Amino acid sequence: MRIDTATPHHWRKISREPGADAPALNGETEADIAIIGGGFTGLSAALAAAEAGSRTALLEADYIGAGASGRNNGMVVPQHSTANPGAIARALGAAFGARYNAMVAGAAAELFALAARHGIDCDAVQKGWIQPAHSEATLARARTIHAEWKALGAPVTWLDAATLAARLGGPGYLGGWEAHEGGHINPYALTQGLARAAIGAGARIHAKAPVHAILPDGKSWRIEAAGGTVRAANVLIATNALTGTLWPELAKATIPVRLYQTASQPLSANLRGTILVGNVGFTDMRKELRAFHYDRDGRLIGGGRMMLWHHASLRGRNAVRRNLHGSFPALGEIAVDEYWDGVIGVTPDRLPRLMRLAPGVLFCGAYSGRGVALGSALGSRVGRFLAGKTAEADLPLPVTSLRIIPAHGLQVVGARLIRPWHRLLDRRDERAPRKGA
Ligand SMILES: Cc1cc2nc3c(=O)[nH]c(=O)nc-3n(C[C@H](O)[C@H](O)[C@H](O)COP(=O)(O)OP(=O)(O)OC[C@H]3O[C@@H](n4cnc5c(N)ncnc54)[C@H](O)[C@@H]3O)c2cc1C
246 MRIDTATPHH
256 WRKISREPGA
266 DAPALNGETE
276 ADIAIIGGGF
286 TGLSAALAAA
296 EAGSRTALLE
306 ADYIGAGASG
316 RNNGMVVPQH
326 STANPGAIAR
336 ALGAAFGARY
346 NAMVAGAAAE
356 LFALAARHGI
366 DCDAVQKGWI
376 QPAHSEATLA
386 RARTIHAEWK
396 ALGAPVTWLD
406 AATLAARLGG
416 PGYLGGWEAH
426 EGGHINPYAL
436 TQGLARAAIG
446 AGARIHAKAP
456 VHAILPDGKS
466 WRIEAAGGTV
476 RAANVLIATN
486 ALTGTLWPEL
496 AKATIPVRLY
506 QTASQPLSAN
516 LRGTILVGNV
526 GFTDMRKELR
536 AFHYDRDGRL
546 IGGGRMMLWH
556 HASLRGRNAV
566 RRNLHGSFPA
576 LGEIAVDEYW
586 DGVIGVTPDR
596 LPRLMRLAPG
606 VLFCGAYSGR
616 GVALGSALGS
626 RVGRFLAGKT
636 AEADLPLPVT
646 SLRIIPAHGL
656 QVVGARLIRP
666 WHRLLDRRDE
676 RAPRKGA
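Okay, structure coming up:
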């Protein structure tokens, strides 16, 4: 799946964090750890490994943050993609489940602290993230999620319909929960800051260095990329949904799903006083979920997905305008003038993948659309593991072998075609009778 990385997108245009100083690779070099992919996973791993004293080299095919990390919605969410903590614990077993849930619960706070520690100018706003429910069925799920996080000690609050209407600036939600440590950022700016921090810690970061082969070389690996090679005993593949043919069958471990994002014209201070009050962000529980927050200039950032991508910019901006009107009746006519898109890596169980492809070669990624906080948190833990500072048994996820998705081709096509079905289910939910209504 190709994305347009040549046209600067909204986050890149408004970023105040200087572009990462990541020269092209030139000739042969050695490292303890070679990382392929300059998104949140690879950059956090590089920073952690370099801080732990390992000689670390990161190779990025395009510019730093060119993948999903630089072009997402920017919501910093301490929550799994769809599962609740109890389901995660059942899926992973007691020890990994507890560690993984603890990582997720703390992931947003960890990311904001990381950005602050390195002075990263990414317009960080930690004013909470809300997950509201639009139907009786999703309300029951939201209650379970809230209760389970609360039982685990996470800083969360239940919000009733009236409170949600006042905070979000629109009716239509029956109840929901708030994660107080959540928020939003300019994700592109964060990638540049993470690269700067990793370079400061001693990592070598190379942009425009697409890797085309990873070959055994005695007890090490020889990574061949545009401009040169890196020899390293440990390799971390952090290419997420953009893996291509880099490693046999690896692309079949995730389902790539294209999503688009938009930015509206800036809202007046008056409107901002009634819509997303206090600069909170939200992601609802529709199949075609609605997620909105402000950027630093008061533009509403939102997005969605399409089945057919012709005239994508116009159709995407129109669809978001319709959603904005549905979500925020006070908004009135509003221009949605920026459009860009990207690709997420989805897994059937919505859990990220941490896979050993060969001795010394790991893949980490595939957050099913929740990789801003989770990718940074998991990446840094994997970086410390590769640097020898953590035991494998103490990682938040078990390291598996390569997990190929059965009938991968069909699932990829299915993910593209499913949108009308999702819209139908959402409409049915929206029209279903509500208790007390
Ligand atoms: C439109 C959109 C909206 C989203 N919104 C949110 C959100 O609000 N909140 C949230 O938590 N998550 C969100 N996500 C998901 C999140 O952005 C991702 O989960 C996360 O960024 C994944 O990070 P990563 O480092 O694993 O992968 P990526 O950021 O995709 O990085 C992979 C990198 O690998 C590089 N690469 C690929 N092949 C090679 C090669 N052969 N050699 C060298 N480099 C290579 C790519 O160029 C790319 O830069 C969204 C994603 C999209 C696309």
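For the sequence shown, the positions run 246 to 682 when this note's numbering is used. Quick reminder that beta carbons are idealized off the backbone N, C-alpha and C, glycines included. Everything numeric in this text was worked out from a predicted model, so none of it was measured.
Going along the chain, which residues of its own chain have a beta-carbon closer than 8 Å to the beta-carbon of Arg-412, five neighbours each way excluded? Within the sequence shown, residue 412 is the residue found at index 167, counting from 1. Here the set comprises Ile-375, Leu-404, Leu-521, Val-522, Gly-523 and Val-525.
Name the DSSP beta bridge partners of Trp-374, please? If you number the sequence shown from 1, residue 374 lands on position 129. In the DSSP output, where bridge partners are listed per residue, Trp-374 has Ala-424 and Gly-526.
With hydrogens ignored, establish whether the beta-carbon of Pro-455 is closer than 7 Å to any heavy atom of ligand 1. On the sequence shown, position 210 is the one that residue 455 refers to. Yes; taking the cut-off as 7 Å, the Cβ of Pro-455 has a heavy atom of ligand 1 nearer than that.
Return yes when the Cβ of Ala-279 is within less than 8 Å of the Cβ of Ala-477, no when it is not. Along the sequence shown, read from residue 1 onward, the residue named residue 477 stands at position 232. Along the sequence shown, read from residue 1 onward, the residue named residue 279 stands at position 34. Closer than 8 Å, so yes.
Would a check of beta-carbon distances place Ile-281 closer than 8 Å to chain D? In the structure shown, chain D cannot be found, because there is only a single protein chain.
Excluding five sequence neighbours on each side, which residues of the same chain lie with their C-beta closer than 6 Å to the C-beta of Tyr-308? Within the sequence shown, numbered from 1, the residue matching residue 308 stands at position 63. Within the same chain, Tyr-308 has close Cβ partners Ala-452.
Tell me whether Arg-615, by its Cβ, gets closer than 7 Å to a heavy atom of ligand 1. In the sequence shown, counting from the first residue as 1, residue 615 sits at position 370. Correct: Arg-615 has its Cβ closer than 7 Å to ligand 1.
Within a Cβ cutoff of 8 Å, which residues of the same chain sit near Ala-361, ignoring the five residues on either side of it in sequence? Working through the sequence shown from its first residue, we reach residue 361 at position 116. Once the five neighbours on either side are set aside, the close Cβ partners of Ala-361 are Ala-369.
Counting pairs of Cβ atoms below 8 Å between the stretch 500–519 and the stretch 536–552, do you hit three or more? yes
From the DSSP secondary-structure annotation, give me the bridge partner or partners of Tyr-539. Within the sequence shown, the letter at position 294 stands for residue 539. Answer is Leu-545, bridged to Tyr-539.
Of the residues Val-322, Phe-537, Val-401 and Ala-536, which one's Cα is nearest the Cα of Leu-619? By one-based count along the sequence shown, residue 619 stands at place 374. Comparing Cα-Cα distances from Leu-619 to each of Val-322, Phe-537, Val-401 and Ala-536, the minimum goes to Val-322.
DSSP on Ile-401, reduced to helix/strand/coil? The sequence position of residue 401 within the sequence shown is 156, counting from 1. Per the sequence shown, residue 401 should be read as Val rather than Ile. If DSSP states are grouped into helix, strand and coil, Val-401 belongs with the strands.
Distance between Glu-426 and Ala-399 (C-alpha atoms, nearest Å): Here residue 399 corresponds to residue number 154 of the sequence shown, with the count starting at 1. Here residue 426 corresponds to residue number 181 of the sequence shown, with the count starting at 1. Taking the straight line from one Cα to the other gives about 9 Å.
Distance check for Met-530 and Leu-384, CA to CA, integer angstroms please. Here residue 384 refers to the residue found at position 139 of the sequence shown. Here residue 530 refers to the residue found at position 285 of the sequence shown. Roughly 9 Å between the two C-alpha positions.
Is Gln-510 a contact residue of ligand 1, with contact defined as CB to any heavy atom under 7 Å? Position 265 of the sequence shown, counted from the first residue, corresponds to residue 510. No, ligand 1 has no heavy atom inside 7 Å of this Cβ.
Assess, as a yes-or-no matter, whether the stretch 479–490 is touched by the stretch 591–610 under the definition of 3 or more beta carbon pairs within less than 8 Å. yes
DSSP three-state call for Glu-273: helix, strand or coil? Here residue 273 refers to the residue found at position 28 of the sequence shown. Three-state result, Glu-273: strand.
Could you check how far apart the C-beta atoms of Ala-728 and Asp-462 are, in whole angstroms? I think they sit under 8 Å. Outside the shown range of the chain, which is 246 to 682, sits residue 728, and nothing can be said about it.
I want to check one thing, is the minimum distance from the CB of Leu-481 to the heavy atoms of ligand 1 below 7 Å? Looking up residue 481 in the sequence shown gives position 236. Not so, every heavy atom of ligand 1 lies at least 7 Å from the Cβ.
Assuming Met-246 is part of the alpha helix (DSSP H), what are its boundary residues? Along the sequence shown, read from residue 1 onward, the residue named residue 246 stands at position 1. Segment: none, Met-246 is in no alpha helix (DSSP H) and carries neither H nor E.
Excluding the five sequence neighbours on either side, which residues of its own chain have a C-beta within less than 7 Å of the C-beta of Arg-261, listed in chain order? Residue mapping note: residue 261 aligns to position 16 of the sequence shown, counting from 1. Closer than 7 Å at the Cβ level, and outside the excluded window around Arg-261, lie Asp-366 and Ala-434.
Delimiting residues of the alpha helix (DSSP H) encompassing Glu-675: Residue numbering aside, residue 675 sits at position 430 when the sequence shown is read from its first letter. Counting along the chain, the alpha helix (DSSP H) containing Glu-675 begins and ends at 664–676.
Looking at the strands, I want to know which residues DSSP matches up with Gly-610. Counted from its first residue, the sequence shown places residue 610 at position 365. Gly-610 is bridged to Arg-598.
Expected contact under 8 Å - CB spacing of Arg-449 and Val-502 to nearest Å: Position 204 of the sequence shown, counted from the first residue, corresponds to residue 449. Position 257 of the sequence shown, counted from the first residue, corresponds to residue 502. Not really, about 32 Å apart at Cβ, beyond 8 Å.
What do you reckon, are the CB atoms on Gly-624 and Ala-440 nearer than 8 Å? The residue given as residue 624 occupies position 379 in the sequence shown. The residue given as residue 440 occupies position 195 in the sequence shown. Cβ atoms of Gly-624 and Ala-440: not closer than 8 Å.
Length at least 3, wholly inside the stretch 275–346: the beta strand (DSSP E) runs in chain order: 301–304
Quick check on the burial criterion: 16 or more other C-beta atoms within 10 angstroms. Buried or exposed for Gly-282? One-based indexing of the sequence shown puts residue 282 at position 37. Per the 10 Å Cβ criterion, buried.
Can you tell me whether Arg-467 sits near ligand 1, meaning its C-beta is under 7 Å from at least one heavy atom of the ligand? The residue given as residue 467 occupies position 222 in the sequence shown. No; taking the cut-off as 7 Å, the Cβ of Arg-467 has no heavy atom of ligand 1 nearer than that.
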